[in-house]
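Numbering of the sequence shown is given in the working numbering, commencing with residue -10 and proceeding in unit increments.
Reading through the structure tokens given below for one structure.
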Amino acid sequence: MKAQFNLKKWQHLLALGFGSGLAAKAPGTFGTLAAVPLVAGLMLSPLWLYLLIVLAAWALGIYVCEVTARDVGVHDHGAIVWDEIVGLAVTMILVPLSAWNLLLGFVLFRFFDIVKPWPIRWLDQKVGGGHGIMLDDIVAGVMACLVLHGLFWWFG
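Dropping the structure here:
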């Protein structure tokens, strides 16, 4: 049975990344692509505002992903991509804005989100509801951010 999303419901609209999660193939990648201009704009903000918005988006994501998953009856349906949007924002914390940095952050985040090394896979399997939908992508974002900053330090 195909999930029934309602883009007139604001929770579904956000959870589906403004419709980007409805891509027929690789919805998580399309959701992350939709995040790129949002995150690029956010990267122009002072750090305190950046972090405040990321925390608010995380909290909001717990709610909208929970509501959407419950409405369609599928936990962490592939079309739910708000978690990818917030995950990319976490990846880019304290990263200088440039097209190359966004590309590298995008690739690293998608790598960790798809491969799901420990503890990401464990969290994905063990934590339910909106918290679970969001948390594995937050941790993927933290891991990608650490690798990104490690690369900046290494190649200085």
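Using N, Cα and C, we set each Cβ at its ideal position, and we do this for glycine too.
Who are the Cβ neighbours of residue 120 in its own chain at under 7 Å, not counting the five residues just before and after it? Closer than 7 Å at Cβ, skipping near neighbours: 51.
Could you check what DSSP says for residue 132 in three-state terms: helix, strand or coil? Of the three classes helix, strand and coil, the one that applies to residue 132 here is helix, per DSSP.
To the nearest angstrom, how far is the alpha carbon of residue 4 from that of residue 132? If I take the Cα positions, the gap works out to 23 Å.
Helix, strand or coil for residue 81 per DSSP? Shown here, residue 81 sits in coil according to DSSP, grouped into three states, outside any helix or strand.
Decide if the region 97 to 109 is in contact with the region 32 to 47; the criterion is three or more beta carbon pairs, one per stretch, under 8 Å apart. With a cut-off of 8 Å, the region 32 to 47 and the region 97 to 109 do not count as touching, because too few Cβ pairs lie within range.
Between the CA atoms of residue -3 and residue 128 - distance to the nearest angstrom: It is roughly 30 Å from the alpha-carbon of residue 128 to the alpha-carbon of residue -3.
Taking residue 77 and residue 29 to be in contact with their CB atoms under 8 Å, please state how far apart those CB atoms are, rounded to whole angstroms. The beta-carbon separation of residue 77 and residue 29, rounded to 10 Å, does not stay under the 8 Å limit for a contact.
Grab me the residues of residue 66's own chain with a C-beta within less than 6 Å of its C-beta, minus the 5 sequence neighbours each way, in chain order. Closer than 6 Å at Cβ, skipping near neighbours: -8.
With the cut-off set at 7 Å, would you say residue 20 and residue 10 are in Cβ contact? Closer than 7 Å, so yes.
Rounded to the nearest angstrom, what separates residue 111 and residue 90 at their Cα positions? Rounded to whole angstroms, the gap between the alpha carbons of residue 111 and residue 90 is 29 Å.
Starting from the N-terminal side, write out each stretch of the alpha helix (DSSP H) that is 4 residues or longer and does not extend beyond the region 79 to 119. Counting whole runs of 4 or more residues, the region 79 to 119 contains the alpha helix (DSSP H) stretches 88 to 104, 109 to 115.
Cβ neighbours of residue 61 in the same chain (closer than 7 Å, five flanking residues each side left out): Taken in chain order, the residues that qualify are -8, -7, -6.
Same chain, Cβ closer than 7 Å to residue 137, neighbours up to 5 away in sequence not counted: Once the five neighbours on either side are set aside, the close Cβ partners of residue 137 are 80, 84, 93, 94, 97.
Inter-residue spacing [alpha-carbon to alpha-carbon] between residue 17 and residue 68: So the two alpha carbons sit approximately 7 Å from each other.
Neighbour-count burial assignment, residue 74, 16 or more Cβ in a 10 Å radius: The residue in question, residue 74, is buried, as its Cβ has 16 or more Cβ neighbours within 10 Å.
Simplified DSSP state of residue 64, which is helix, strand or coil: Looking at residue 64 - three-state DSSP - the assignment turns out to be coil, as it is neither helix nor strand.
Between the Cα of residue 130 and the Cα atoms of 86, 63, 43, which residue gives the shortest distance? Nearest in C-alpha terms to residue 130, of all of 86, 63, 43, is 43.
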